[in-house]
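In this note's numbering, the protein residues as written are 19 to 84.
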């Protein structure tokens, strides 16, 4: 196997792990916010939590070509 293939495989595994962990963390905090029953807490977590998945899963050209 070539070194490039192994590097790309490693990068794919690490990046998918980061993406999955980010989604799981956001879901965890949103569930915790919902369990409080406080509308202000739910709104704050929901507003902040919606931006991070978009930043991690958006295609790279959209960062530089706004």
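All C-beta atoms, glycine included, are put in the ideal place defined by N, C-alpha and C.
Using a Cβ-Cβ cut-off of 8 Å (strictly less than) and excluding sequence neighbours within five positions of residue 54, which residues of its own chain qualify?
60
Under 8 Å, do residue 63 and residue 46 count as touching if we go by C-beta distance?
no
Please tell me whether, using a cut-off of 7 Å, the distance from the CB of residue 21 to the nearest non-hydrogen atom of the ligand NAD is below it.
The ligand content of the structure shown is nil, which means the ligand NAD is not present either.
Helix or strand or just coil, what does DSSP make of residue 55?
coil
Taking the straight line between their C-alpha atoms, what separation do you get for residue 49 and residue 24?
37 Å
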